[in-house]
Structure formats: structure tokens, C-alpha cells
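Visitor:
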Amino acid sequence: MFCFKRKIKNEDSNKDNPLKREYSTLLKKYTSLDYTYESIDQNIQKRLCGEFTNGYDCSMYLTYDSRYAIRFKGDMTATEFDDVFTVLIKDLGNPDFFCDYEGYVWKKDGFYIIYGLYSLNYNYEVPMICVSANDIGRKMAYNRYSAVAQAISNPLIARGLNPQKIHYYKIAFFREFGFGVTFESKDTMVSINYDKNTLEISFVPLRPEGEVKGLELESGKKRQMHGITITNLEKSLNKLLEETKDYHGLNIISA
6 MFCFKRKIKN EDSNKDNPLK REYSTLLKKY TSLDYTYESI DQNIQKRLCG
56 EFTNGYDCSM YLTYDSRYAI RFKGDMTATE FDDVFTVLIK DLGNPDFFCD
106 YEGYVWKKDG FYIIYGLYSL NYNYEVPMIC VSANDIGRKM AYNRYSAVAQ
156 AISNPLIARG LNPQKIHYYK IAFFREFGFG VTFESKDTMV SINYDKNTLE
206 ISFVPLRPEG EVKGLELESG KKRQMHGITI TNLEKSLNKL LEETKDYHGL
256 NIISA
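In my numbering, the protein residues as written are 6 to 260.
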């Protein structure tokens, strides 16, 4: 069996490279990695390890599409992911964009700093901070993304469930499906989706199947509300959650 490894070109590696220079700035600012600008490519090959500013393990990495990256461990928890996001916000401010297949995106000095889950293999994503010189497609203004995320999260947080602790991001978003969050409660798989001014909540009972649980799709139920805008999204979701609490069992937590 042959094993192919990605090769990093070494010719002219010590010449000034603006993208590598920006990456070097990120490494110095946020990590304990012991490197020099001239040794970046060699240290990436060795997967040089160190710590992020808040103590989380990280390493130097080059993605398959040639983005320099600070790579975190694949088993990083959603809480740890959020801790790193907090560090970046304190330093860089709020992101400029959210991109469904990229994550949080800042545009700084002609470069894009991207923090999100980077897909390495099928169903295997690793948290990374990447720097790219190329424009990011499919992006949404962060202010709009955050407004929808907050409107969906607030009613759930009031009931003891924070989507950011489930999906890593404030809320899951894919352009094809809209905004959403899926969670298990009261032996039921609950899904909340908001797309094209339609708010939907669905419930599918779970049945034990050995060490896992199966979905009883034939017994599923859903409720929809149409004509829902961002301004009345939170109020509408609160109403739906109250009307369907016999299915999901989430009650507002008393102050």
C-alpha cells in the first residue's frame, strides 16, 4: 500500500510571502509555538505543537487548499471552541461575515481570517484558524447571522439549552436549508428550522436500538408558522415552544 503525503515546496520559501507573514503574525499573537519565519514550512511538515493563548493544544498546519492554519485537536469541545472565539472577538472585534462552509470570517488588511470547523475527511471536522488571501464565497453579513442566531437561541437558553454548546457555532446555518438546531429531549429528536420566513419545529420519537437510538419517523409531528421576520422570530419561537412543551419537555427556568 502506498502512502502519499502532501509536499510543501521549499524553493524560495524564505522570500517574503505576504500570506505567510500574516500567518506568522497570528502565531506570535496567539500561540506559544517556537518558530522563525524562515522555518514555517519545515515546522508545518513536522506539525509543530504548542499552546493557544488560553492553554488549548494547537499545531501548525497547511490545508489542502494551501491555507496556513492554527489547528486544534479534533476532540475540542463546543465550550473550548467558544473560548477561542471569545479570544478572537476581544482582539479582532466581531467577525465581518459568517459562511456556512467556512465559519466566522474577519477581513483584515486584505486577508481573510477564518475560524471554523475544517473538513478533513467525510464526517471529520477539525477546528482551525486559517488565513487566506482569496475571497470567501457564500458569505452572509455577520450582523444578520448573529441577529437570527440570537432570536433562536434566547428562547432555548431561557429553557436551559444553548445551541452554541451543541453546534459549536451560535446556530447552524446552510444556505440550502436555512438556520437550525437539532437536539434530543424527552426521548424525542427535536429540530427547529428557520428559512424563507417560515419557522418550523418538528418532533420525532426515539426508540432504543442496542447502544443507539432509532428514529420513529412514521410518528413524527411538526408545527409551522409563516410570514416570520427577524423582528418577530424570537417571540414566535417562544410561542411555538410553549405550545409544544408536552413534546419536548423544556420549560422556562425561573430566575
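For each residue, glycine too, the CB sits at the ideal point set by N, CA and C.
#1: So, do the segment 153-166 and the segment 241-255 have three or more beta carbon pairs nearer to each other than 8 angstroms?
#2: Can the beta-carbon of Y199 be found closer than 8 angstroms to that of F179?
#3: Could you name each continuous beta strand (DSSP E) segment of 3 residues or more that falls completely within the segment 71-140, going from the start of the chain to the end?
#4: Can you check the segment 170-209 for any beta strand (DSSP E) of at least 3 residues that lies completely inside it and give the ranges in chain order?
#5: Pull up the CB-CB distance for S151 and K175, whole angstroms please, since I reckon it's below 8 angstroms.
#6: Would you call the CB atoms of Y109 and G121 closer than 8 angstroms?
#7: Buried or exposed: Q169, going by 16 or more other Cβ atoms within 10 Å of its Cβ?
#8: Thinking just about the alpha-carbon of each residue, which of R52, R26, G55 is nearest to the one in Y42?
#9: Output the boundary residues of the alpha helix (DSSP H) element that contains S151.
#10: On the DSSP bridge assignment, give the partners of G232 in chain order.
#11: So what does DSSP say about M6, is it helix, strand or coil?
#12: Beta-carbon within less than 8 angstroms of N59's beta-carbon, same chain only, minus the 5 sequence neighbours each way: which residues are those?
#13: Buried or exposed: where does T36 fall if 16 or more other Cβ atoms within 10 Å of its Cβ makes it buried?
#14: Does DSSP put R26 in a helix, a strand or coil?
#15: Can you tell me the Cβ-Cβ gap for I171 and F182, rounded? I've got them flagged as a contact below 8 angstroms.
#16: Might you give, ordered along the chain, the residues of its own chain that have their beta carbon closer than 7 angstroms to the beta carbon of L53, omitting 5 neighbours on each side?
Guide: So, to answer that:
#1: By the Cβ criterion, the segment 153-166 is in contact with the segment 241-255, since at least three pairs of Cβ atoms, one from each stretch, lie closer than 8 angstroms.
#2: No. Outside cutoff.
#3: Listed in chain order, the complete beta strand (DSSP E) runs (minimum 3 residues) inside the segment 71-140 are 73-77, 102-104, 108-113, 116-126, 129-137.
#4: Complete beta strand (DSSP E) runs here, min 3: 177-179, 183-190, 193-200.
#5: The pair is a contact, with the Cβ atoms about 7 angstroms apart (cut-off 8 angstroms).
#6: In this structure, G121 lies closer than 8 angstroms to Y109 by Cβ.
#7: Buried, by the Cβ-count rule.
#8: Closest by C-alpha distance to Y42, out of R52, R26, G55, is R26.
#9: Element bounds for S151: 147-162.
#10: In the DSSP output, where bridge partners are listed per residue, G232 has none listed.
#11: Residue placement at M6 is poorly supported in this model, since its pLDDT is 38, which falls under 50; the coordinates are not used for a value here.
#12: Cβ contact annotation for N59 (same chain, cutoff 8 angstroms, sequence separation greater than five): D88, V89, V92, in chain order.
#13: With 16 or more Cβ atoms within 10 Å of its Cβ, T36 is classed as buried.
#14: DSSP, reduced to helix, strand and coil, places R26 within a helical segment of the structure shown.
#15: Not quite, the Cβ-Cβ distance comes to about 16 angstroms (not below 8 angstroms), so this is no contact.
#16: Take L53, set aside five residues on each side of it, and the residues of its chain with a beta-carbon closer than 7 angstroms to its own are L38, Y40, S64, M65, in chain order.
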